[in-house]
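Notes for the one structure printed next.
So, in structure tokens, the structure goes:
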């Protein structure tokens with residue numbers, strides 16, 4: 003991923019936009035100013051449900067993640083190094099980026115990625131072994147021949163670069179996966195470390211479980227608290243450690259909303275009725291945005307509902323300590339664990355909130371619909387969310403408050419990606 007100023011990204015995407023539109027129109031008479039603001043198509047990634055294809059520069063905002071075809075090139079963004087790129091235009095950095103991110107080495111063996119070295123005899127043999135069928139033995143033999151290849155003279159075709167051959171050597175004995183566009187992917191096997199935590203720092207998806215099973219709210223909350231305690235004990239005084247641990251335990255309490263529970267169970271009302279306790283993570287979240295939208299609409303949950311804002315309200319009523327300063331911190335850490343509430347919460351109109359009934363940590367959490375409706379929603383200025391942020395910023399400083407927030411978010415990430423079925427509460 004490359005960071006670049008907004009103006010540069012817009013200018014770069016505008017290059018050639020008009021020509022692309024007029025290329026197939028004979029005798030076009032469109033004036034240049036009519037193309038002002040037009041850009042080459044790109045995908046603005048804003049999560050699973052809000053990403054969109056854009057063609058106007060004004061649709062790209064600061065902080066957006068922009069996904070473009072490799073054919074656009076990267077020179078216009080000041081990136082000209084192709085030392086570890088593959089493909090005919092040597093713009094594809096997938097192998098190098100994956101390896102740099104700490105993932106097991108992997109190499110795509112396809113016609114597109116091997117195009118720069120297509121004249122190398124063992125590369126041709128490798129493609130011939132891949133194309134007819136996924137014969138592991140034949141592919142392995144071709145890979146070994148490629149690794150053993152040496153140029154006999156200057157006129158002979160060069161071998162692929164050393165960095166690529168090193169990845170092939172590391173991934174060669176691993177898994178063999180079929181590539182969607184033809185060919186295969188060699189992926190090195192990860193060492194089996196039962197206690198290893200996956201390197202996955204993303205909170206865009208807060209529904210699915212990394213454990214391939216449902217994770218109860220109680221289990222997820224306990225593990226988040228334990229992770230927060232172990233992190234905080236190395237860097238915080240006792241009073242702040244208690245606040246961080248308490249916030250970590252209550253951060254997902256808002257998932258007790260029955261509509262949210264229905265979504266976590268893929269809209270299955272019978273499964274929800276038969277459930278013995280609420281869950282925090284689902285074993286199987288639909289990958290289709292349309293299907294997820296249909297489940298949410300059927301559940302009655304507003305599109306912009308934020309479970310962490312309900313978590314904050316439940317923590318305020320049932321969990322926060324008497325110390326006003328500490329209570330402020332706990333509530334803010336709960337509300338901000340997905341990046342909101344700094345200072346404002348997203349607007350969410352929820353005209354018919356249901357009763358919330360459940361338990362967390364042995365505490366009954368019962369909040370009736372009347373109380374929910376009569377309480378100021380988190381996005382309103384009189385909800386206290388924004389004022390609380392500024393009070394805490396004055397108390398702990400810009401970096402200090404962000405540091406405390408990061409501890410809770412890290413604990414949540416850990417608990418989300420390292421669920422333990424029989425973890426003892428320590």
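In the working numbering, the protein residues as written are 3 to 428.
The beta carbon of each residue, even a glycine, is placed where N, CA and C say it ideally should be.
In this text, all values refer to a predicted model and were calculated from it rather than measured experimentally.
N-terminal and C-terminal residue of the beta strand (DSSP E) that residue 47 is part of: Note, residue 47: beta strand (DSSP E), 40 to 47.
Leaving out five residues before and five after residue 303 in sequence, what residues of the same chain have Cβ atoms less than 7 Å from its Cβ? Contacts found: 261, 262 and 265.
Could you tell me which residues DSSP puts in a beta bridge with residue 360? Note: residue 360 sits in a beta bridge opposite 367.
Are residue 270 and residue 309 close, meaning C-beta to C-beta below 8 Å? Contact flag unset, no.
Assuming residue 108 is part of the alpha helix (DSSP H), what are its boundary residues? Run containing residue 108: none in the alpha helix (DSSP H); it sits in the beta strand (DSSP E), 108 to 111.
Quick one: what does DSSP say residue 234 is sitting in, helix, strand or coil? The three-state secondary structure of residue 234, taken from DSSP, is helix.
Residue 282 lies in the beta strand (DSSP E); which residues open and close that run? Here the beta strand (DSSP E) through residue 282 covers 281 to 283.
Count the other C-beta atoms from every protein chain shown that fall within 10 angstroms of the C-beta of residue 2, then say buried if there are 16 or more, exposed otherwise. Past the edges of the chain, shown from 3 to 428, lies residue 2, and the structure says nothing about it.
In or out: residue 404 buried (at least 16 other Cβ within 10 Å) or exposed? Looking at its Cβ environment, which holds fewer than 16 other Cβ atoms inside 10 Å, residue 404 is exposed.
Measuring CB to CB, does residue 249 end up less than 8 Å from residue 335? Result yes, Cβ atoms of residue 249 and residue 335 sit closer than 8 Å.
Could you please give the first and the last residue of the uninterrupted beta strand (DSSP E) stretch that includes residue 179? First-last of the beta strand (DSSP E) with residue 179: 177 to 180.
For residue 118, count neighbouring Cβ atoms within 10 angstroms of its own Cβ and tell me buried if that reaches 16, exposed if not. The residue is buried, with at least 16 neighbouring Cβ atoms inside 10 Å.
Let me check one thing: in DSSP terms, what residues is residue 58 bridge-paired to? Paired residues: 40.
Residue 354 and residue 315 - do their beta-carbons sit closer together than 8 Å? No, Cβ-Cβ distance for residue 315 and residue 354 is not below 8 Å.
Could you check what DSSP says for residue 76 in three-state terms: helix, strand or coil? DSSP places residue 76 in coil when its eight states are reduced to three.
Our contact map puts residue 216 next to residue 278 with C-beta atoms below 8 Å; I'd like the distance itself, whole angstroms only. The beta-carbon separation of residue 216 and residue 278, rounded to 11 Å, does not stay under the 8 Å limit for a contact.
Can you find the residues in the same chain that come closer than 8 Å, C-beta to C-beta, to residue 416, ignoring five residues on each side of it along the sequence? If you ignore the 5 residues before and after residue 416, its C-beta comes within less than 8 Å of the C-beta of 199, 225, 226 and 229, all in its own chain and listed in chain order.
What residue does the alpha helix (DSSP H) around residue 187 start on, and which one ends it? For residue 187, there is no enclosing alpha helix (DSSP H); the enclosing beta strand (DSSP E) has its first and last residue at 186 to 189.
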